[in-house]
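So the sequence shown is numbered by the UniProt record's numbering: it starts at 1 and just counts up by one. Beneath this line is the structure, given in structure tokens, with notes to follow.
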Amino acid sequence: MSALIIFSMTLSSLLMLPLMTQPLSLGLIIMLSTLLMCFISAITLSSWYGYILFLIYVGGLLVMFAYVAALSPNVLFGKGTPMLFFSILIFPLTLIFYSYPLIDLSSTSYLHIFSELKFLKMYGIEMVSPQMISILIGLAIILLINLIVVVKICYYQHASLRPFNN
1 MSALIIFSMT
11 LSSLLMLPLM
21 TQPLSLGLII
31 MLSTLLMCFI
41 SAITLSSWYG
51 YILFLIYVGG
61 LLVMFAYVAA
71 LSPNVLFGKG
81 TPMLFFSILI
91 FPLTLIFYSY
101 PLIDLSSTSY
111 LHIFSELKFL
121 KMYGIEMVSP
131 QMISILIGLA
141 IILLINLIVV
151 VKICYYQHAS
161 LRPFNN
């Protein structure tokens, strides 16, 4: 049941992304959804994978949003409509996900693939197994995109971070 609540909170926080206009609130929502997605991966895959995923995402987000927050003007926060939207979305999403139970695929014994690779979860190397390599490649692509965005923000001749000539 706790996985159901975490999954519905994750989806409702992801649905709040278009409502954010300030970079600090956008960074907070992205960090919150990252934390909740890491909880879900820790429940379904392994806790080690959730910890590493959280550290990598938070490190990249802190660097990226530090530059964005330094460059953006000071905008006052508006009313609490995104929080109201978030609290309204939790209940329907919980009802929707209640009909789809979350099952730890690596602990089911009727799947032959996972019963053969049970030692991978014990030693913490299931992230680089052939079945999970697509997640690792997706993580590398997301980190590469974050790196390119940070470099484009801080590009010396085209960004506002360059020194002013007097």
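Here a beta-carbon is modelled for each residue, glycine too, at the ideal position from N, C-alpha and C.
- Residue Gly59 holds the alpha-carbon nearest to the alpha-carbon of leucine 147 among Leu136, Gly59 and Leu89.
- Counting the other Cβ atoms within 10 Å of the Cβ of serine 87 gives fewer than 16, which makes it exposed.
- Per DSSP, proline 130 lies in no alpha helix (DSSP H) segment and is marked neither H nor E.
- Boundaries of the alpha helix (DSSP H) around leucine 35: 23 to 44.
- Tryptophan 48 and isoleucine 145 have their C-alpha atoms spaced approximately 24 Å apart.
- Leucine 15: member of the alpha helix (DSSP H) spanning 2 to 15, first to last residue.
- Taking all protein chains in view, the Cβ of serine 2 is surrounded by fewer than 16 other Cβ atoms within 10 Å, so the residue is classified as exposed.
- By the criterion of a C-beta distance shorter than 6 Å, threonine 94 is surrounded in its chain by Ser8, once the five residues flanking it on both sides are discounted.
- Around the C-beta of tyrosine 57, 16 or more other C-beta atoms lie within 10 Å, and the residue is accordingly described as buried.
- DSSP places serine 99 in the coil class of the three-state scheme, outside both helix and strand.
- Taking every protein chain shown into account, the CB of threonine 21 has fewer than 16 other CB atoms within 10 angstroms, so this residue is exposed.
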